[in-house]
Amino acid sequence: MRFWYSGEMTEHLFYQDPLARTFQAEIREISRDRRELVLDRTLFYPEGGGQPGDRGTLQGFAVTNTRKDHDGKILHILESPLPEYMPEHRPDYTPDDTPRRTGESISEGTILTGELDWDHRFDYMQQHTGQHLLSGALFRIARANTVSVHQGAEITTIEIDLQTLPRETLEAVEDEVNHQIRLDAPVRTFTVDQRELEHYPLRRPTSRTGTIRLVEIEGIDRVACGGVHLPRTGLLNLVQTVGHETIRNRLRLSFKIGNRALRDYRERHREITRSAALLSCHPRDLPHRIEAGQRELQDLRRELRLRTEALARHILGAADSPETPRELLLEKEPEELLKALAEEACTDRRRRIILVNRCGGEALWAIVVGEDHPFPQEELRRKVLAPLGAKGGGKAPLWRGVLPEASPERIRTMTRAFLDLWP
Ligand SMILES: [Zn+2]
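Sequential numbering from 1 applies to the sequence shown in UniProt numbering.
What follows is the structure, encoded as C-alpha cells:
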C-alpha cells in the first residue's frame, strides 16, 4: 500500500514502517542555496503535531531538520550546502546500492541513501505514543481532557482542563499506563473518510475533514493523529510522573517517558545513593538528615554572628578615646568582621574611623563619621577616594567600598588622607 496524499510529491515512508531506519530516494528538487532537498519518498518525518522533525543523513550529508513548507512539500534541511559533485566515497547501506563514485554529479534524479538519527526518532515516538496512553488514561480515570502537549528534550508535558488532581488519581493514571505498556498492545494507523467517522468513536473529536488518519491502540484508545507512533505499546518500557504545576487555572503534568524514564531512575538512584553515603545514612533518612543539617547550620551561623559582634565590640572598646579620629587596619579577616566593626562603630555618635581589610590584591574599606560631626561627603570623594581610584559610597554615618591594588603604601595614603580631614 502506498501512502500518497493528493498534491504531495513525496511518498510518506515514515507512515508505512515506523521501525525502518534507512531508505533510498530520488532527489526531486534542490533549493537554490542547495540547503533544502525534496525527495520522491522519505522516512524523515516533517515536524508537526508537537513532534519534532527528523534528523539524520542523506548519503552521509547531515540533515538537521525536516519540515513542510507552505505548499506541503517535505523539505530536508541540510547542515551545509549539498555539493555539486560527490566529494569522496559516501556510505551505502544495502548490498544492492549503486556505489557512489567520487565526481558523480548530484542533481535532480540522483538517488541517495537516507538514514535516520534513530535515537532521536525513537525517543520522540516513545514520547508521542506515551502521550496518547497518558491522555487516554487521564480521560478515563480523571475525566480530564488534554488541552495541550509539549514534547521537550527532557520532559513531555500534558496540560489538562482541571486545576488539581489528587496524588492517588495521578498514581492510578501512571499505574494504568504502565499496565497498558506490559500488555504490548498493537498500535494501528489507518485512514477513513469523514463520513465513516461515526463508526469510529474517538476520545477527542476532530475538526479535520476529508480523509482522516486515525491512530488506534487496540482496546485502549482511538484518536485522529498525523504523527509517527511505535507499532506496539511494549516498546515504551515505562512512564513516570515527575512533576505538576498549575498555570492559568490548568494543571500541567510532567512525565519521563520510555528510555528517558529508565535513565532517570538510574541517575536518581546513583545520586541518592551517593548523597546517602555522604551523610552516612539510609536513603530513606535523607530528608530528615538534610533538615537536621540545615537547622544545625542556621544555629552555627547565628552563633558565629554573635561572636563576631562581640569581637568587634572588644576591638573597638580597646581603642583610644572615640573622640580621636583613627584608623584600624586588618589583614585577611573575614568580611563579616569588617561589617560588624563598621556597624559597632556606627553606635557611637562621636566616632570617626577608617577600617581597611586587605585581602589579596585589593582591600575592603569602611568609613564611619558619627552624627556629632558633619559628614565630609565632598572631601571624602575628592581627597580620599578619587586620588587612589577607590570605589564606593554610602549614606552618613557609613561609607564603604573597595580599594584596588591595595599595597601597604596605597592603604597608608588613603588612611592618612582620611585623618588629614581633621587636622
Ligand atoms: Zn499521535
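Don't be surprised by glycine CBs; every beta carbon is placed ideally from N, CA and C.
Sequence-distant residues of the same chain with beta carbon closer than 6 Å to residue i, five excluded per side
i: E344; result: A312, R313, L316
i: N249; result: Q163
i: A144; result: L138, I160, L162
i: G56; result: V63, E115, L116, D117
i: L421; result: P376, E379
i: P408; result: none
i: D40; result: A25, E26, R28
i: F14; result: L43, Y45, V228
i: residue 431; result: In the structure as shown, the chain begins at 1 and stops at 423. Residue 431 is therefore absent and cannot be evaluated.
i: R23; result: The residue asked about is misnamed: residue 23 is Phe in this sequence, not Arg. Excluding positions up to five away in sequence, the list reads L13, L43, G114.
i: T209; result: Q194
i: Q180; result: L133, I220, T233
Contacting residues, own chain, Cβ-Cβ under 7 Å from residue i (five flanking each side not counted)
i: S6; result: Note on S6: pLDDT 42, under 50, position unreliable in the model; the coordinate value appears next. Counting only Cβ-Cβ distances below 7 Å, and skipping sequence neighbours, we find nothing.
i: E333; result: N357
i: G393; result: W399, G401
i: P46; result: G53, T66, R67, K68, I74
i: E84; result: S105, I106
i: L388; result: L403, R410, T413, M414
i: V147; result: E159, I160, D161, R250
i: R351; result: P322, A345, V368, G370
i: H70; result: none
i: R289; result: L279, C281
Coarse secondary structure for residue i, derived from DSSP in three states
i: F375; result: coil
i: M1; result: Because M1 carries a pLDDT of 38, less than 50, the predicted location of this residue cannot be relied on, and no value is offered for it.
i: G293; result: helix
i: H282; result: coil
i: G226; result: coil
i: T324; result: coil
i: I367; result: strand
i: A20; result: coil
i: I354; result: strand
i: F14; result: helix
i: L419; result: helix
i: I272; result: helix
i: E26; result: strand
i: I77; result: strand
i: T57; result: strand
i: A396; result: coil
i: G243; result: strand
i: D193; result: strand
i: S148; result: strand
i: D221; result: strand
i: K383; result: helix
i: I111; result: strand
i: S254; result: strand
i: N65; result: strand
i: E51; result: Note that residue 51 is Gln in the sequence shown here, rather than Glu. Q51: strand per DSSP, three-state reduction.
Selected residue, minimal CA-CA separation from residue i, among the options
i: H244; options: G72, S254, M86, L364; result: S254
i: P397; options: V369, V384, F418; result: V369
i: E218; options: A185, M9, F122; result: A185
i: L403; options: V384, G48, Q180; result: V384
i: E371; options: A363, A386, C346, L251; result: C346
i: Q51; options: G103, I155, I212, E296; result: I155
i: residue 430; options: R305, E327, E26; result: Residue 430 falls outside the range modelled here, since the chain spans only 1 to 423, and no answer is possible.
i: Y265; options: H288, T241, T324, V38; result: T241
i: M9; options: T42, L337, E176; result: T42
i: Q131; options: V223, R351, L297; result: V223
i: P87; options: G72, G103, S80, P81; result: G103
i: Y82; options: E303, G48, V38, E291; result: The sequence shown places Leu at residue 82, not Tyr. Taking only the C-alpha atoms, the option nearest L82 is V38.
i: residue 474; options: G136, A318, T324, G361; result: Any question about residue 474 goes unanswered here, given that the chain covers just 1 to 423.
i: G49; options: G109, H229, I220, S80; result: H229
i: T157; options: L183, S135, H12; result: S135
i: E323; options: L419, G361, P287, A261; result: L419
i: R416; options: H373, E405, L328, E362; result: L328
i: A363; options: K391, R350, I353; result: K391
i: I77; options: E108, L19, R34; result: R34
i: E336; options: A310, G360, R121, R351; result: A310
i: E11; options: G72, R32, E36; result: G72
i: L214; options: C225, S207, G360, R351; result: C225
Proximity test, residue i beta-carbon vs ligand 2 heavy atom, cut-off 7 Å
i: A406; result: Judged by which ligands are present, ligand 2 is missing from the structure shown, whose ligands are ligand 1.
Close beta carbons around residue i, own chain, < 8 Å, minus the five adjacent residues each side
i: N178; result: L238, V239
i: P166; result: none
(request) Kindly confirm or deny that the region 275 to 287 and the region 172 to 190 touch, where touching means at least three C-beta pairs closer than 8 Å. (result) By the Cβ test, the region 275 to 287 is not in contact with the region 172 to 190, since fewer than three Cβ pairs between them sit closer than 8 Å.
(message) Does the region 48 to 61 come into contact with the region 105 to 124, if we say contact requires no fewer than three beta-carbon pairs (one atom in each stretch) closer than 8 Å?
(response) Result yes; three or more Cβ-Cβ pairs closer than 8 Å.
(message) For the region 146 to 156 against the region 228 to 237, do three or more pairs of beta-carbon atoms, one drawn from each stretch, fall closer than 8 Å, so that the two count as touching?
(response) With the rule of 3 Cβ pairs closer than 8 Å, the region 146 to 156 does not count as touching the region 228 to 237.
(request) For ligand 1, list every residue whose C-beta falls under 6 Å from any of its heavy atoms, going in chain order. (result) Counting every residue whose Cβ lies closer than 6 Å to a heavy atom of ligand 1, we get H128, H132, V215, C225, G227, H229.
(message) Quick test of the definition: if touching needs 3 or more C-beta pairs under 8 Å, does the region 255 to 270 touch the region 122 to 131?
(response) Yes, the region 255 to 270 touches the region 122 to 131.
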